[in-house]
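**Q** Okay, handing you the structure first.
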Amino acid sequence: MTDDTNFETPHEGNMPRTYDDVRQWLDLVESMGELKRIQGADWNLEIGTIAELIYRERAGTIPALLFDRIKGYPEGFRILFGQQTSQRRLALMTGLPVDSMGLKLVSRFKEKLNALRPIPPRIVKTGPVLENKMAGDQIDVLQFPVPKVHELDGGRFIGTACIAVTRDPEEGWLNLGTYRAMVHDAKSVGLFMSSAGKHGRMHMDRHFKEHKPCPVVLCVGQDPLLLLAAGNPIELGYSEYDYCGGIRGRPYDLVEGEVTGLPFPAHAEIAIEGFLHPGDVKPDGPFGEWLGYYGTRMEDTPVLRIERIYHRNDPILCVARPGRPPTDYSLSKGMIRAAQLWGRVEKAGLPNVKGVWSLESGIGSLFNVISIKQAYPGHSRQALFLASQSLGGAYNGRFVVVVDDDIDPTSEFDVLWAMATRCDPDQAIEIIRRAASGSLDVCIPPENKGHSSRCLIDACMPYERRHQFPPIAESSEELKTQVREKWRATIYE
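The numbering of the sequence shown is the working numbering, which starts it at 1184 and goes up by one.
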């Protein structure tokens, strides 16, 4: 096995959104010094473990990982991990300056969402995804180097960084969702949509209610922005194609499937087209899930019967390794949900919001922090209750912490210090019961799935005593600046 890494000086500033597919995006990522090429690894556990070790050793600076010459597969049939594991790549995906970091990245994305105008896609006749087509006896999903990423996984999962395209049979709107897909055999995969609130699950249930099959196109490898949107909540009835078109400033080109008529990206790497049928289920799982645990035991899951496979020459199979963070999604979920949450609490009338952050150790939703400049009695409690029940914080939440504006919400150290020194548990903690949760929440017993509680922690100085609070024992900004300039070599060497 060989290891070829390019770590050039990072390009700073704005990199405009000029790419159409994951290949063009990877060229830009490599020019930023954030692509690691690895050759000769085995799809069976080895690739997944390499990704796990790199994620843990390089937390905060994780490169994208492109595997080639995979054991048992021809050169050119590649696997990509880690599309969303750096803030600079998230900025690149969303058309923001790649030097945006921390709260600046979240704030800029929030403003972009506030000004967003949807741009619908356009249907085209052809595209690179149609370079190859399989039908009938030609169909073999294991033509691609589908990895087994965790030791206790129930099989090989082709759907871990995918988008599943479905259409509402009553209202006609399209949804893109990221759901796991386990390979059963050459012509079928399971499609696990974890809870009834998932939009793709709603589409399936509505088809099945009418005793009709549910058409699906499973895309594996496309503009990373589409994956970013598909894996995070947006409003019901709002297509991710339109949403992402607005973010990138131009429409997506889509081709229509021969069998289902569903539109999918013309520049996708791989597209798998077929139907879910009422009552057609097979045992599926377990799988190492985004919460960091094997989320479900083997259970019956709808089967996608494949009728067409389309793919580009030398396809790139885009996958992810969920599990104990940091992972492919732990950073990106936090960035997206923090931006959504910040925008929602401001629209609800909360003043003086200085920042919102979702700690990566909370996997993007379980530990949200909101920083405010207190303006009136009850301001901090208002922030807590709004943040716990707004888009970005309501689903699969656990802890919400409000801090003063002198606390950096992106710093776990600062947040925990504020909790330890400004929070009297008897007076500063509220519990919300029977809030919305998901079926993969391992903390909730099976009989209570769908509901969980929220812990709201007021880590602000008590409003009525904020001016009597002792001063913080640290040097003034002026003194720190003077000493930093004089002793820079000593401090930073």
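C-beta: ideal position from N, C-alpha, C; glycine also.
Determine, using beta-carbon pairs with one atom in the stretch 1216-1230 and one in the stretch 1323-1330, whether at least three such pairs fall under 8 Å.
**A** yes
**Q** If I measure Cβ to Cβ from residue 1196 and keep anything under 8 Å in the same chain, skipping five residues before and after, which residues do I get?
**A** Unreliable placement is indicated for residue 1196, whose pLDDT of 45 sits below 50; the coordinate value is still reported in the next sentence. Cβ neighbours of residue 1196 beyond the five flanking positions: 1280, 1281, 1282.
**Q** Return yes when the Cβ of residue 1598 is within less than 9 Å of the Cβ of residue 1583, no when it is not.
**A** no
**Q** Can you check the stretch 1476-1550 for any alpha helix (DSSP H) of at least 4 residues that lies completely inside it and give the ranges in chain order?
**A** Listed in chain order, the alpha helix (DSSP H) elements of length 4 or more contained wholly in the stretch 1476-1550 are 1513-1530.
**Q** From the DSSP output, in three-state form, read off residue 1427 for me.
**A** It is helical.
**Q** Give the range of the alpha helix (DSSP H) segment to which residue 1571 is assigned.
**A** 1562-1571
**Q** Buried or exposed: where does residue 1402 fall if 16 or more other Cβ atoms within 10 Å of its Cβ makes it buried?
**A** buried
**Q** In terms of alpha-carbon separation, which member of 1223, 1622, 1424, 1418 lies closest to residue 1348?
**A** 1424
**Q** Is it true that the stretch 1260-1270 meets the stretch 1502-1509, where meeting means three or more beta-carbon pairs spaced less than 8 Å apart?
**A** yes
**Q** Any idea if residue 1670 is buried or exposed, counting beta-carbon neighbours within 10 angstroms, 16 or more meaning buried?
**A** exposed
**Q** State yes or no: is the C-beta of residue 1690 within less than 9 Å of the C-beta of residue 1514?
**A** With the chain covering only 1184 through 1676, there is no way to say anything about residue 1690.
**Q** Write down the C-beta distance between residue 1362 and residue 1383 rounded to the nearest angstrom, noting that I regard them as a contact closer than 8 Å.
**A** 6 Å
**Q** Under 9 Å, do residue 1579 and residue 1619 count as touching if we go by C-beta distance?
**A** yes
**Q** For the beta strand (DSSP E) that contains residue 1467, what are its first and last residues?
**A** 1453-1467
**Q** Please state the DSSP three-state secondary structure of residue 1676.
**A** coil
**Q** Can you tell me whether residue 1408 is helix, strand or coil according to DSSP?
**A** In the structure shown, residue 1408 falls within a helical segment according to DSSP collapsed to helix, strand and coil.
**Q** Is it the case that the Cβ atoms of residue 1415 and residue 1293 are separated by a distance below 9 Å?
**A** no
**Q** The alpha helix (DSSP H) with residue 1212 in it runs from where to where?
**A** 1205-1214
**Q** Taking only three categories from DSSP, how would you classify residue 1614?
**A** Here residue 1614 sits in strand by DSSP.
**Q** Mapping DSSP to helix, strand and coil, what is residue 1367?
**A** strand
**Q** State the DSSP-derived secondary structure class of residue 1358, mapped to helix, strand or coil.
**A** Three-state DSSP puts residue 1358 in a strand.
**Q** Measure the C-alpha to C-alpha separation of residue 1646 and residue 1298 and round it to an integer number of angstroms.
**A** 34 Å
**Q** By the three-class DSSP mapping on this structure, what secondary structure does residue 1381 have?
**A** coil
**Q** Please name the residue, chosen from 1483, 1536, 1236, 1427, that lies closest to residue 1462 on a Cα-to-Cα basis.
**A** 1483
**Q** Between the Cα of residue 1615 and those of 1630, 1572, 1642, spot the shortest distance and give me the residue it belongs to.
**A** 1572
**Q** Which residue's Cα is closest to the Cα of residue 1207: 1235, 1665, 1407, 1602?
**A** Out of 1235, 1665, 1407, 1602, 1407 has the C-alpha closest to the C-alpha of residue 1207.
**Q** For the stretch 1479-1496 and the stretch 1311-1318, state whether three or more C-beta atom pairs, one from each stretch, are separated by less than 8 Å.
**A** The stretch 1479-1496, when compared against the stretch 1311-1318, does touch it at the 8 Å Cβ threshold.
**Q** Spatial neighbours of residue 1667 within its chain, please: C-beta separation below 8 Å, excluding the five flanking residues on both sides.
**A** 1674
**Q** Whose C-alpha, out of 1237, 1658, 1336, is nearest the C-alpha of residue 1364?
**A** 1336
**Q** Quick check on residue 1188: buried or exposed, where buried means 16 or more other Cβ atoms within 10 Å of its Cβ?
**A** Annotation note: pLDDT 39 at residue 1188 (below 50); position unreliable, coordinate value reported separately. Flag for residue 1188 reads exposed.
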